[in-house]
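First the structure, in the form of structure tokens, and then the observations on it.
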Amino acid sequence: MLRDMDAIVVENLKKYYIVREGFKGRKVVEALKGISFSVRRGSIHALLGPNGAGKTTTIKVLATLLLPDDGKVLVEGFDVVKEADKVRKRVGVALDVSKGFYSSISGYENLVFYGLLKGMDFNYAKRRAKELLELVGLTDAANRPYYTYSLGMRAKLAIAKALLSDPDVLLLDEPTLGLDVESARSVRNLIKELSTSGKTILITGHNMHEIELLADSVTIINNGTVIASGTPAELKSKLGLLHKVNLRINKDGEEFVRIVKDLMPIEGISVSDLGDSIKIAMYIRLSRDELIQKLFEFLKNSNYRVLDFSMEEPTLEDAYLAVVGGTISG
Ligand SMILES: Nc1ncnc2c1ncn2[C@@H]1O[C@H](COP(=O)(O)OP(=O)(O)OP(=O)(O)O)[C@@H](O)[C@H]1O
Ligand SMILES: [Mg+2]
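Using this note's numbering, you'd call the opening residue of the sequence shown number 109 and step up by one each time.
Written as structure tokens, this is what we have:
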């Protein structure tokens, strides 16, 4: 499974938490029950799953903040247990993007401080802080105290902090949590730019629309187990989700239905007579390409006139709900 083009390789990762229960009791929480996935260098990969699925735990293991209990985890080819120092040099992490800064000093001063903690000399730390504030679009707010920053600005500062030592791999846990539409979009654009500049990015999140816009590939986990993975397009087609087709034709609705039912796996159909034309809505269980090919071939060889046509694509959210809801396993 280890390929040169993978920046992150996770194989059979297990992680348990021991929690105290009452005065004497101890309980083992199996946060990760043996998950595997890999992330191609330079791509954006999303870890998805319901609350408590194990996303943050995975990120903490990748960032060397938690030791795995079993399995193999490599970042840029280095083992997070045996070569933790090498991993740390190559990884930047933002765990809770609305926290982790001193509120009475400026964004600039915060970054300089964290740069010094990372062992940078003072002049270099100052230069790097300026550079990063520019990169994330915070130059104008650089000298304002952190407590005056909006949530969107805080998220950007958290990403800047994760970028301090110019890591190859960025781990961003819910980078747009709580952001308004405009700020979320601007953080998304920043993530895209970072990916274009060659960084490998692992993100988590709950907004499927956003993940669909951002991620090249996705791993869905539930209860510490991987339940589906692939590109958003693969996930949607692997799951064989329904497409909805809306058509308006010039005549003979009943006959049309009889013919298409023989040609395609139709799971639902409604026909309404509009007087001058016939409106048809069909749910068809076919991949997008197959569906278009079959339908257009049939229409081309028929004498129906198509007055309107539209097709509704399944979304990543449909795919996500199908696997997490347990109806289909991908
Ligand atoms: N420090 C901890 N001690 C004990 N149990 C923990 C600890 N951190 C997480 N867990 C448990 O491990 C499991 C996975 O948690 P994790 O935070 O990784 O989930 P998540 O996918 O990030 O969820 P969310 O979407 O809510 O952020 C959950 O059952 C959680 O309760
Ligand atoms: Mg989490």
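The C-beta atom is built at its ideal place from N, Cα and C for all residues, glycine as well.
(message) Give me, in chain order, the residues of the same chain whose beta-carbon lies closer than 8 Å to that of residue 382; leave out the 5 immediate sequence neighbours on both sides.
(response) Along the sequence shown, one-based indexing puts residue 382 at 274. Here residue 382 has 356 as same chain residues with Cβ atoms under 8 Å from its own Cβ, once five neighbours each way along the sequence are excluded.
(request) Label residue 236 either buried or exposed according to how many other C-beta atoms from any shown protein chain fall within 10 Å of its C-beta, with 16 as the threshold for buried. (result) Numbered from its first residue, the sequence shown carries residue 236 at position 128. Answer is buried; the Cβ neighbour count reaches 16.
(request) For ligand 1, enumerate in chain order all residues having a CB closer than 6 Å to any of its heavy atoms. (result) Going along the chain, the residues that qualify are 125, 127, 137, 139, 157, 159, 160, 161, 162, 163, 164 and 165.
(request) Please report the Cβ distance between residue 116 and residue 308, rounded to the nearest whole angstrom; I am assuming they are in contact, meaning their Cβ atoms lie under 8 Å. (result) As a first step, residue 116 must be located in the sequence shown, where it is residue number 8. As a first step, residue 308 must be located in the sequence shown, where it is residue number 200. Confirmed, about 7 Å.
(message) So, at 6 Å on beta carbons, what are the nonlocal neighbours of residue 171 in its own chain, with the 5 sequence-adjacent residues on each side left out?
(response) The residue given as residue 171 occupies position 63 in the sequence shown. The beta carbon of residue 171 lies closer than 6 Å to those of 199, 201 and 279 in the same chain, with the five residues before and after it left out.
(request) Kindly examine ligand 2 and report whether one of its heavy atoms sits closer than 7 Å to the Cβ of residue 281. (result) Your numbering for residue 281 matches position 173 in the sequence shown. Residue 281: yes, Cβ under 7 Å from ligand 2.
(message) If you reduce the DSSP assignment to three classes, tell me which class residue 345 lands in.
(response) Residue numbering aside, residue 345 sits at position 237 when the sequence shown is read from its first letter. Helix.
(message) Whole angstroms are fine: how far does the CA of residue 144 sit from the CA of residue 128?
(response) Here the question's residue 128 lines up with position 20 in the sequence shown. Here the question's residue 144 lines up with position 36 in the sequence shown. So the two alpha carbons sit approximately 29 Å from each other.
(message) Within the continuous alpha helix (DSSP H) that includes residue 213, where are the two ends?
(response) Sequence index remark: in the sequence shown, residue 213 carries index 105 (1-based). Counting along the chain, residue 213 sits inside no alpha helix (DSSP H), nor does DSSP assign it H or E at all.
(request) Locate the alpha helix (DSSP H) running through residue 287, then write down its first and last residues. (result) By one-based count along the sequence shown, residue 287 stands at place 179. From DSSP, residue 287 is part of no alpha helix (DSSP H); its letter is neither H nor E.
(request) May I ask whether a heavy atom of ligand 2 can be found less than 7 Å away from the beta carbon of residue 423? (result) Looking up residue 423 in the sequence shown gives position 315. No - ligand 2 has no heavy atom lying nearer than 7 Å to the Cβ of residue 423.
(request) Return yes when the C-beta of residue 308 is under 7 Å from any heavy atom of ligand 2, and no when it is not. (result) Taking the sequence shown and counting its residues from 1, the one referred to as residue 308 is at position 200. No, Cβ of residue 308 sits at least 7 Å from all heavy atoms of ligand 2.
(request) Compute the Euclidean distance between the alpha carbons of residue 398 and residue 148, then round it to the nearest angstrom. (result) Taking the sequence shown and counting its residues from 1, one reaches residue 398 at position 290. Taking the sequence shown and counting its residues from 1, one reaches residue 148 at position 40. Those two C-alpha atoms are separated by around 29 Å.
(request) Take the Cβ of residue 262 as the centre, count every other Cβ of all protein chains shown within 10 Å, and call the residue buried at 16 or more, exposed below. (result) Here residue 262 refers to the residue found at position 154 of the sequence shown. Counting Cβ neighbours within 10 Å, residue 262 comes out buried, since at least 16 surround it.
(message) Looking at ligand 3, does it come within less than 7 Å of residue 312, judged from the CB to the closest heavy atom?
(response) Absence of ligand 3 from the depicted structure is noted, with ligand 1 and ligand 2 being the only ligands included.
(request) Tell me, please, whether the stretch 159-174 touches the stretch 129-142 by the rule of three or more beta-carbon pairs shorter than 8 Å. (result) With the cut-off at 8 Å, the stretch 159-174 and the stretch 129-142 touch.
(request) With DSSP collapsed to three states, give me the class of residue 248. (result) As a first step, residue 248 is located in the sequence shown; it is residue number 140 there, counting from the start. In the three-state DSSP reduction, residue 248 falls in the helix class (H, G or I).
(message) Assuming residue 205 and residue 275 are in contact, meaning their beta carbons sit under 8 Å apart, how far apart are those beta carbons, in whole angstroms?
(response) Residue 205 sits at position 97 when you count from the first residue of the sequence shown. Residue 275 sits at position 167 when you count from the first residue of the sequence shown. So it is not a contact: roughly 16 Å between Cβ atoms.
(request) Within 10 angstroms of the Cβ of residue 232, are there 16 or more other Cβ atoms? Answer buried if so, exposed if not. (result) The residue given as residue 232 occupies position 124 in the sequence shown. Label assigned to residue 232: exposed.
(request) Please work out which residues of its chain come closer than 8 Å, Cβ to Cβ, to residue 415, disregarding the five sequence neighbours upstream and downstream, and give them in chain order. (result) The residue labelled residue 415 in the question sits at position 307 within the sequence shown. 356, 357, 358 and 385.
(request) From the DSSP output, in three-state form, read off residue 333 for me. (result) As a working mapping, residue 333 is identified with position 225 in the sequence shown. Residue state, collapsed to three classes: strand.
(request) Return the chain-ordered ranges of every alpha helix (DSSP H) run that is complete within the stretch 186-225 and spans a minimum of 4 residues. (result) Correct list: 192-198 and 215-225.
(message) Extract the residue ranges of the beta strand (DSSP E) inside the stretch 397-434, only unbroken runs of 3 or more that lie entirely within it.
(response) Runs of the beta strand (DSSP E) inside the stretch 397-434: 414-420.
(message) Comparing C-alpha positions only, which one of 402, 354, 287 and 362 sits nearest to residue 372?
(response) For this step, residue 372 is matched to residue 264 along the sequence shown. With distances taken between Cα atoms, residue 372 lies closest to 402.
(request) Return the chain-ordered ranges of every beta strand (DSSP E) run that is complete within the stretch 297-331 and spans a minimum of 3 residues. (result) Unbroken beta strand (DSSP E) stretches of 3 residues or longer found wholly inside the stretch 297-331: 308-312 and 325-330, given in chain order.
(message) Can you give me the C-alpha to C-alpha distance between residue 181 and residue 248, rounded to a whole angstrom?
(response) As a first step, residue 181 must be located in the sequence shown, where it is residue number 73. As a first step, residue 248 must be located in the sequence shown, where it is residue number 140. In a straight line, the C-alpha of residue 181 is about 40 Å away from that of residue 248.
(message) Within a Cβ cutoff of 7 Å, which residues of the same chain sit near residue 251, ignoring the five residues on either side of it in sequence?
(response) Along the sequence shown, read from residue 1 onward, the residue named residue 251 stands at position 143. The answer, listed in chain order, is 214 and 216.
(request) For the beta strand (DSSP E) containing residue 390, list its first residue and its last residue. (result) The sequence position of residue 390 within the sequence shown is 282, counting from 1. Segment 386-392, the beta strand (DSSP E) holding residue 390.
(message) Distance check for residue 390 and residue 354, CA to CA, integer angstroms please.
(response) Translated into positions along the sequence shown, residue 354 becomes position 246. Translated into positions along the sequence shown, residue 390 becomes position 282. Using only the alpha carbons, I get a separation of about 7 Å.
(request) Taking all protein chains shown into account, decide if residue 218 is buried (16 or more other Cβ within 10 angstroms of its Cβ) or exposed. (result) By 1-based counting over the sequence shown, the position of residue 218 is 110. Looking at its Cβ environment, which holds 16 or more other Cβ atoms inside 10 Å, residue 218 is buried.
(message) Taking the straight line between their C-alpha atoms, what separation do you get for residue 169 and residue 130?
(response) Counting from one through the sequence shown, the residue named residue 169 turns up at place 61. Counting from one through the sequence shown, the residue named residue 130 turns up at place 22. Approximately 28 Å, taken between the alpha carbons.
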